[in-house]
Amino acid sequence: METKKLTCIVCPLGCHVEITKNDGTFNVTGNKCPRGEKYAIEEMTNPTRVVPTTVVIKNASLSRLPVKTSKPVPKKDIFKVMELINQVEVEAPIKTGDIVIENILGLNVNIVATRSMKSVI
Amino acid sequence: MKYDIVVIGGGPAGLAAAVEANKNGIKNILVLERDRELGGILQQCIHNGFGLHIFKEELTGPEYAERFMDELKELNIEYKLNTMVIDISEDKVITAVSPTDGIISIQAKAVILAMGCRERTRGAISIPGSRPAGILSAGTAQRYLNMEGYMVGKKVVIVGSGDIGLIMARRMTLEGAEVKAVVELMPFSGGLNRNIVQCLDDFDIPLMLGHTITEIRNGNRVTGVSVSKVDENLKVVEGTTFDIECDTILFSVGLIPENELSLKAGVELSEVTNGAVVNESMETSVPGIFACGNVLHVHDLVDYVTEESRKAGRFAVKYVKGEINGDKENVIDTKPLNGISYIVPQKLRTAYLDDNVSLYMRVRNVYEKATFVIKADGEIIKEIKKTHLAPGEMERLSIKTDLIKNRNISELTVEVVEEVK
Amino acid sequence: MYDIAIVGGGVIGCSIARELSRYNLNTVLIEKNNDIATGTTKANSAVVHAGYDAPAGSLKGKFNVRGNEMFSQVCNELNVPFNRIGSYVIANDEEDMKTIKDLYDNGVKLGINDMEIIDANEVRKNEPNLNKNVVGALYAPSAGIVESWELAIANAENAMDNGAELKLNFEVKNIIKNDGVFKINSENEVIESKMIINAAGVYADKIYNMVADSHFEIHPRKGQYFLLDKVEKDLVNHVIFQCPTKMGKGVLVAPTVDENIILGPTSEDLGIDEKENVATTFEGLGFIKEKVAITTDKINYRNVITSFAGLRAEPSTGDFIIEESDQVEKFINVAGIKSPGLSSAPAIAEYVVELVENSFGNLEKNLSFNPIRRKRIKFNELNDEEKAKLIKKDPQYGNIVCRCETITEAEIVDAIHRNAGGQTINGIKRRCRPGAGRCQGGFCGPKVLEILARELNVKPEKIALENIGSEILIGRTKEKI
């Protein structure tokens, strides 16, 4: 049996939800709507997050380019994702949406630029 | 130089106002931006969560800004970068400075103020101690980290649980720093729930509500802090003090609209919002000078900034076209009562109301199950039930104009009535 | 080999360096910190007192009155803003009025002849924001306000323009005298000098003990202050002192030359080992609020932009100590320069030159001495035409870096490259004010740092807030690349 206490973030209400896993079934309490139950189960089985961060960029007026994961990635992989992102270096010009890393960690998620930067040379 | 509309500030508010003004038929618009690029503070807010209302998708700050920048450029709206406005006169002569243009003097028919806000500093909240290195406001650290790629510390304590502080807790953690705690004086957080979960809980960063820093230890740099509990009167509780070792303290203790220019133009300010007193058109006490975004009042959602700024742009056009003639009749004052700290706009001229009136406000406390009671001259005209209210989240109430128009109402009040448990 | 080494780059050491640069002397000013004017000089009331309250016959009394007389000319030559706005000592009852009369009489004894005792109506007319119970005041028109750190910096700059040297980050570890030569050792450097002038502030006893058995001790006395935003600038027009009572000297409310309002100080005697304790405290700041309320209830503490504390060098002798040592020849102590030290600084420097001349014999004049410090351009104070002209000449004047105080990039660059220039974030703030305004450097800090790194040609990580070890940035993200 595994129990977890969570704050639901589906809406601003922020219900304090408790979820218990017992023999493959889930018991969710404290939620005020069905979306809370879904959120709690996801948070217990496979919580995912979008990771916004930066990569090194050359030949631009700034030295860091903001990027994000194109889709949420498993929470447990956040730091592994960061490690790979930290090793990348791109060169301006860059357009928003440009893929900086393709299919990171085989997760079927790309790292994409979240702003455009002109080349300064 | 002469322009129909001059927009001061090229951040989200100024961009949305300029684009909307253009779309409403005035093409002779100039946007003045002090920084080297458009986009304002959103350029350093690289986290996601922007745009859910306006674009129905979740964007990062730079992405949100870029949509408006692209639109501005497509519409060929003129803008000047590296241009700092140093004066606005009551008759709308704007003086600005730039390295390339020198001193510029511009006569505008209408002015839209969109200069944004600044962070409240440690000095302003009088946290005692010395002034060593390692003490920054969260937004300054955010700029260093996200735009220039510099770390400001390794072991961090964040004071104040506003959204910038929470977001920085995650950013510093992702970049390898150890965030020891977020210390919040109030018994509730000033930030959004999703930020508490995704920026603190995800990384096991403790949120210490009802605590304050009582001592900063330091050599040339911060070496640690003492933290103590406070009681319901926010006074330190003896015997609750404990130490945290850290090399950096980030302050995220509120934002203040930057209205030094507005004052020069003779614009009346509200003591509560620190922004201009405006009417339904986002027009200030000086006819033809409008205000929107964080210079008007501090927002937590950029979507509302956009909404409000579009309105300012639209009405600036009406003003330039002579469709608003400073009608002083049928002016309704909005007034915050129990549980509400302010309402924007402060004045409603019924002649210029759209079909619906949007009232933006903040509540003073956290409420579970409460009702907004809206009264016109003391008579209840609408009640809106809410299951959750918090000071950190701006509320927008919408009322049908029919409820207040042509009824000779002088005052519209809003109050929070808590459900008896 | 130097002729003279001045230990301590505060307003006293810097003033002495400038006075000595009028002569052909090989002078070095040594300072333990990363910049001059970082001790008592950067954190005090910044008031030039009229001088009526020191006992007649004391050095404090003598030098304050003379120093006050000299201020206009010194500040004029050095291009330091100095406003002789006058001071009031306000009386709230008849007993206070008696004290004020005593102060008046004492002032006359010291040679101050322009004071007046004014009645309540006059006080209220000129200071409408004071509390209603005021019954009269001692008005001293010769009192003024000045930026104490700018005065120190300007003195050092002018001294260097005229040939003096400055050594920063030189903390004196020991001094050995041999054959009439002082060997002054820091951690990693030795300099030699024929004479030492000890202007080491709260550390003057420690420095003197390196060569002699000091007959005095210097105790740090802490003073805490509030600084208010410019929106409060019309609160008072004069330096407003409270009437001294058995309970203490009270606190002042005064305008600053930068149009802020300063409140304070506390007066807290610290232990002899607490010479770096410049922390503000809940109690101290609370004390100021409580005391200020006696003067005026019109203060909106929402407009506090910062609070700070400084240490005064309180001598065990009770008076300034300005003399050549009777134990060590050619070692001059300028110690215990507590309040009114700033007011006395020009006169002290003048007198120290006499002591040097007595010791060395006739001094040879520096014929190329130029008393004028190059004017510091303040963009914000120019008219539009002048602004436009400047930007055309140097586009950096068109780049406003600090929006609260309207400071341009060109002013910052100038502050870096002058003699005794600023090399740190706080050093630039003291010289031309970016970060001194209401946002306290939140916006301009990163820009000032970038300009400093560029102009000094060092990595941004090397730029310090104040001393070495107070760097703002600790490294870069993604450093593995």
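Protein chains in written order, with the numbering used here: chain A, 1382 to 1502; chain B, 1210 to 1630; chain C, -19 to 461. Yeah, the Cβ is synthetic: ideal placement off N, Cα and C, and Gly gets one too.
If the cut is a Cβ gap below 7 Å, which residues of chain B does residue i touch?
i       : result
C:K458  : G1358
A:R1416 : The contacting residues do not exist; A:R1416 stays about 14 Å from chain B at best.
C:T286  : G1332
At 8 Å on the CB atoms, spell out the chain B contacts of residue i, in chain order.
i       : result
A:V1409 : Here the premise fails: no neighbours, minimum Cβ distance about 16 Å.
C:D364  : T1304, I1312 and S1314
C:F423  : R1327 and T1349
So with Cβ pairs under 9 Å, would you call residue i a contact of chain A?
i       : result
C:I461  : Confidence at C:I461 is low in this model, with a pLDDT of 46, below 50, so the placement of that residue is unreliable and no value is reported for it.
B:V1495 : no
B:T1432 : no
B:I1405 : yes
B:D1300 : no
B:Q1555 : no
B:E1229 : no
Do we get a CB-CB distance below 9 Å when we pair residue i with the residues of chain B?
i       : result
A:S1442 : yes
C:T261  : yes
C:C412  : no
A:G1395 : yes
A:I1459 : yes
A:V1432 : yes
C:Y183  : no
C:P440  : yes
C:Y463  : The requested residue 463 of chain C is not part of the displayed model; chain C covers only -19 to 461.
A:T1426 : no
A:K1456 : yes
Report the neighbours of residue i on chain A: residues whose CB is nearer than 7 Å to its CB, in chain order.
i       : result
B:P1271 : P1447, T1495 and R1496
B:N1402 : T1388, I1390, P1393 and G1395
Can you pull the chain C residues whose beta carbon is under 7 Å from the beta carbon of residue i, in chain order?
i       : result
B:K1363 : I454
A:N1491 : Correct list: empty, because the minimum Cβ distance to chain C is about 19 Å.
B:Y1353 : P426 and L453
B:G1587 : The premise fails here: B:G1587 is roughly 32 Å from chain C at the closest Cβ pair, so nothing lies under 7 Å.
Going by DSSP, which residues form a beta bridge with residue i?
i       : result
C:D249  : C:R201
B:P1221 : Its beta-bridge partners do not exist; DSSP assigns none.
C:Q307  : Answer is none; C:Q307 lacks a bridge partner.
C:H29   : For C:H29, which the question treats as bridged, DSSP gives no partner whatsoever.
A:K1385 : A:I1400
Less than 9 Å separating the beta-carbons of residue i and residue j?
i        : j        : result
B:G1311  : C:K367   : yes
C:A134   : C:G(-11) : no
B:N1565  : B:T1596  : no
B:N1257  : A:V1391  : no
B:Y1288  : B:E1242  : yes
C:F206   : C:V284   : yes
B:T1641  : B:I1313  : The requested residue 1641 of chain B is not part of the displayed model; chain B covers only 1210 to 1630.
C:I(-14) : C:I10    : yes
C:N313   : C:A184   : yes
Between residue i and chain C, is there a C-beta pair that is closer than 9 Å?
i       : result
B:I1312 : yes
B:E1467 : yes
A:T1450 : no
A:T1406 : no
A:V1436 : yes
A:N1467 : yes
B:G1385 : yes
Query - Contact the stretch 42 to 54 of chain C vs the stretch 8 to 15 of chain C: 3+ CB pairs below 8 Å - result: no
Report task. State whether the stretch 1338 to 1350 of chain B contacts the stretch 1234 to 1245 of chain B, with contact taken as three or more CB pairs (one from each stretch) at a distance under 8 Å. Result -> no
Requested in this report: Flag this pair as touching only if the stretch 1585 to 1603 of chain B and the stretch 1561 to 1575 of chain B have three or more C-beta atom pairs under 8 Å; answer yes or no.
Outcome: yes
Query raised in the report: Should the stretch 175 to 183 of chain C be regarded as contacting the stretch 282 to 290 of chain C, the criterion being three or more beta carbon pairs within less than 8 Å?
Result: no
Query raised in the report: For the 8 Å Cβ check, are there 3 or more pairs between the stretch 1443 to 1452 of chain B and the stretch 1368 to 1385 of chain B?
Result: no
Report task. Tell me, please, whether the stretch 157 to 172 of chain C touches the stretch 60 to 68 of chain C by the rule of three or more beta-carbon pairs shorter than 8 Å. Result -> no
Query raised in the report: Three or more beta-carbon pairs under 8 Å between the stretch 1488 to 1497 of chain B and the stretch 1526 to 1545 of chain B, yes or no?
Result: yes
Requested in this report: Examine the Cβ distances between the stretch 1355 to 1366 of chain B and the stretch 1398 to 1412 of chain B and report whether three or more of them are shorter than 8 Å.
Outcome: no
Query raised in the report: Do three or more CB pairs link the stretch 64 to 80 of chain C to the stretch 110 to 122 of chain C at distances below 8 Å?
Result: yes
Query - Three or more C-beta pairs below 8 Å linking the stretch 1211 to 1231 of chain B and the stretch 1455 to 1474 of chain A - result: no
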